[in-house]
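Take the sequence shown: its letters are residues 14 to 177, numbered as in my numbering. Built from N, CA and C at the ideal position, the CB exists for glycine as well. What follows is one structure encoded as structure tokens, with my remarks underneath.
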Amino acid sequence: EKVVTIDPKARYEYSTMLRRWNPAKLSELSGQFQSLPDEQKQQAAPVIAYAVSGLDYNPPLVGEAIRYLLTRPAETPLVDPDEPTPPKIPWLRNASSYAGNLAVTEPETARDWVQTLPEGQPKLWAQWNVLSIWTQYDPTAADQWFKSLPANVQRGIEQIRSKK
């Protein structure tokens, strides 16, 4: 509930604090986030999702906040209200970064997480990010996953790949 009262401009300080907490505390916070009323989740989720900017930081709490934001795009604010040119698709970068960060150490968990996202560009980019990272150290498993995806998703990932 404390996250709900944080000024959005102080989210960097809060994300720094989150990074210092142990897994048990983060698990407790995850349960508390799930039990918040929707109005408070809308306030807390952007602050928590902002924490994804760290390359080695991927607790489930951050993934839950990003998923929440992606399921309610019309109700949630942009990622960074101070950004001079906000992204065309809010939370795409966060979803893709979180999935990629997770794929570095837990590709199966990252694969499973992206499958929980609502259909759309953030999910597609997150899938591409997982695939591109997973391919670097287990190309066989990554290819099996890619081939298990629906044809339209495979085409979307190929389109992203061709842009890179």
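**OP:** Take ARG124 and list the residues in its own chain whose beta-carbon comes closer than 7 Å to its own, dropping the five residues that flank it on each side.
**Re:** VAL143 and TRP158
Original post:
Which residues in the same chain as ASP156 place their Cβ atom closer than 8 Å to its Cβ, once the five residues preceding and following it in sequence are excluded?
Top reply: THR148
Original post:
Apart from the five residues just before and just after LEU105, which ones in its own chain have a Cβ nearer than 8 Å to its Cβ?
Top reply: GLN134, PRO135 and TRP138
Original post:
Nearest-angstrom Cα distance between ASN114 and GLU41?
Top reply: 22 Å
Subject >> Rounded distance between the beta-carbons of TYR111 and ILE79, thought under 8 Å >> reply: 6 Å
Subject >> Cβ pair LEU39, ALA58 closer than 8 Å >> reply: no
Original post:
Skipping 5 residues on each side, what residues in its chain have a beta carbon closer than 8 Å to that of ARG174?
Top reply: TRP141 and SER145
**OP:** Measure how close the beta-carbons of SER109 and LEU74 come, nearest whole angstrom, since I'm counting them as under 8 Å.
**Re:** At roughly 18 Å, the Cβ-Cβ gap does not stay under 8 Å, so SER109 and LEU74 are not in contact.
Original post:
alpha helix (DSSP H) containing TYR81: first to last residue?
Top reply: 73-84
**OP:** Note down the Cα distance separating SER48 from TYR63, rounded to an integer number of angstroms.
**Re:** Their backbone Cα atoms lie some 20 Å apart in a straight line.
Subject >> Reduced DSSP secondary structure (H/G/I, E/B, other) of GLU171 >> reply: helix
Original post:
How would you label ALA37, buried or exposed, when you count the other beta carbons within 10 angstroms and need 16 or more for buried?
Top reply: exposed
**OP:** Could you please give the first and the last residue of the uninterrupted alpha helix (DSSP H) stretch that includes ASP151?
**Re:** No alpha helix (DSSP H) contains ASP151, which DSSP labels as neither H nor E.
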